[in-house]
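A.B. asks:
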Amino acid sequence: MNFTEEQIERYSRHILLQDIGVEGQEKINNGKVLVIGAGGLGAPILLYLAAAGVGTLGIIDGDVVDLSNLQRQVIHFTPDIGKPKVESAKEKIKQINPDVKVVTHHEFFTADNALELIKDYDFIVDGTDNFPVKFLINDACVLGGKAFSHGGILRFDGQTLTHTPNTACYRCSFHSPPPPNAVPTCSQAGVLGAIAGMLGTIQAAEVLKFLTGTGELLTNRLLTFNAKTMNFRTVKINKNGKCPVCGNHPEITELVEAQQAVCELKKKS
Ligand SMILES: [Zn+2]
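Number 1500 in this note's numbering belongs to position 72 of the sequence shown; there are no gaps in the numbering.
(1) At a threshold of 7 angstroms, does A1575 count as lining ligand 1 (C-beta to nearest heavy atom)?
(2) Just to check my reading of the structure: L1589 and H1578 have Cβ atoms closer than 8 angstroms, yes? What is that Cβ distance to the nearest angstrom?
(3) Within the structure, which residues are defined as neighbours of ligand 1 by a Cβ-heavy atom distance below 5 angstroms, reported in chain order?
(4) If you draw a straight line from the C-alpha of E1685 to the C-alpha of R1599, how long is it?
(5) For chain C, check one thing: does any of its Cβ atoms lie closer than 8 angstroms to the Cβ of K1667?
(6) Tell me the residue span of the beta strand (DSSP E) that contains N1654.
(7) Is DSSP giving K1606 helix, strand or coil here?
(8) Can you list, in chain order, the residues of its chain with a C-beta nearer than 8 angstroms to that of I1626? Leave out the 5 residues immediately preceding and following it.
(9) How many angstroms separate the CA atom of F1537 from the CA atom of I1488?
(10) So the candidates are A1622, I1443, I1546, H1504; which of them puts its Cα closest to the Cα of T1484?
(11) For I1565 and F1576, what's the separation of their Cα atoms in angstroms?
(12) Answer with buried or exposed for K1696, where buried requires no fewer than 16 other C-beta atoms within 10 angstroms of its C-beta.
(13) Tell me the rounded alpha-carbon separation between N1648 and A1596.
(14) Note down the Cα distance separating R1500 from A1622, rounded to an integer number of angstroms.
(15) Would you report the Cα separation of A1542 and A1568, rounded to the nearest angstrom?
(16) Would you be able to state if there are at least three C-beta pairs under 8 angstroms between the region 1464–1478 and the region 1520–1530?
(17) E1535 and G1490 - do their beta-carbons sit closer together than 8 angstroms?
(18) In angstroms, rounded to a whole number, what distance separates the CA positions of H1677 and G1669?
(19) Given a threshold of 16 other Cβ atoms within 10 Å of its Cβ, counted over all protein chains shown, does P1605 qualify as buried or as exposed?
(20) Restricting to Cα atoms, I'd like to know which of L1651, G1641, P1560 is closest to P1608.
(21) Using 8 angstroms for Cβ pairs, my map puts P1672 next to I1665. What's the rounded Cβ distance?
(22) Going by other Cβ atoms of all chains shown within 10 Å of its Cβ, with 16 needed for buried, is A1689 buried or exposed?
(23) Would you say R1584 and V1461 are within 8 angstroms of each other, going by their C-beta atoms?
(24) Can you give me the start and stop residues for the beta strand (DSSP E) that L1589 sits inside?
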């Protein structure tokens, strides 16, 4: 790839970095990343990856922008209410960086479309807000041999880990989804808006590290933080031989539709 003068200027702060340089920036511009969910986590992830010049950004989200989203989903603006989130996100990405090719999927990530959706991408980012889909993303990426970033936020807390083939997966540590309604979702329990930005930018940094081969990924480690105390911890996670999807005798060899936890607040509205 030959950068134009405009691109050299646009990406100059990356190019100046010893660990990235022109070569790393080329890798970013050739990168293909799928972001699942254009909500609280997806917003900062997409904004930073677009600004960084990721070549192809896939976005999958079946929802439309709702007034209650705007407290944290900073890629969507007040006039976007009622618009599909993928369209609203695409419009902002194009304004930030016309270099980025945006592929939108206005649908939800399901057992039926998962493997087909991820197959063309180098890296997958989980920006969803419910457990069944998080497990589905994990299983699809493990079975499809894809690297991905898991992310979860609730109230004042965030957690994330990165999986690459042959490192611990989400199920190595969290065996299976909690029963429906055992754990509240953000729409039931609330979330401090800035938490989405804190965790989403960590996930975006992991993507850029992965694409450029820079530093040490959050593999075999779970990063957690609580914003009330501002304590950050990383806990070692070992690849688990008994893991139901990546272990020695996996029970999960194909994707099955996860039972969706019913979101009570949404049901009422
Ligand atoms: Zn596993």
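Think of the CB as a built atom: it goes at the ideal place given N, C-alpha and C, for glycine as much as any other residue.
C.D. replies: With the given structure in hand:
(1) no
(2) 5 angstroms
(3) C1597, R1599, C1600, C1671, C1674
(4) 16 angstroms
(5) Absent here is chain C; the protein component of the structure consists of one chain.
(6) 1649–1654
(7) The sequence given here places Pro at residue 1606; Lys does not occur at that position. Note: P1606 maps to coil in three-state DSSP.
(8) The sequence shown places Met at residue 1626, rather than the Ile named in the question. Hits under 8 angstroms: G1586, F1653, A1655.
(9) 7 angstroms
(10) I1546
(11) 8 angstroms
(12) Interpretation of K1696 is limited by its pLDDT of 37, a score under 50 that renders its predicted location unreliable; the figure taken from the coordinates is listed afterwards. Counting Cβ neighbours within 10 Å, K1696 comes out exposed, since fewer than 16 surround it.
(13) 5 angstroms
(14) 7 angstroms
(15) 6 angstroms
(16) yes
(17) yes
(18) 8 angstroms
(19) buried
(20) P1560
(21) Actually they do not touch by this definition, with Cβ atoms about 15 angstroms apart.
(22) Its pLDDT being 47, under 50, A1689 is placed unreliably in this model, and the value from its coordinates should be taken loosely. Buried.
(23) Checking the sequence shown, residue 1584 turns out to be Phe, not Arg. Against a cut-off of 8 angstroms, the Cβ pair of V1461 and F1584 comes out as no contact.
(24) 1585–1591
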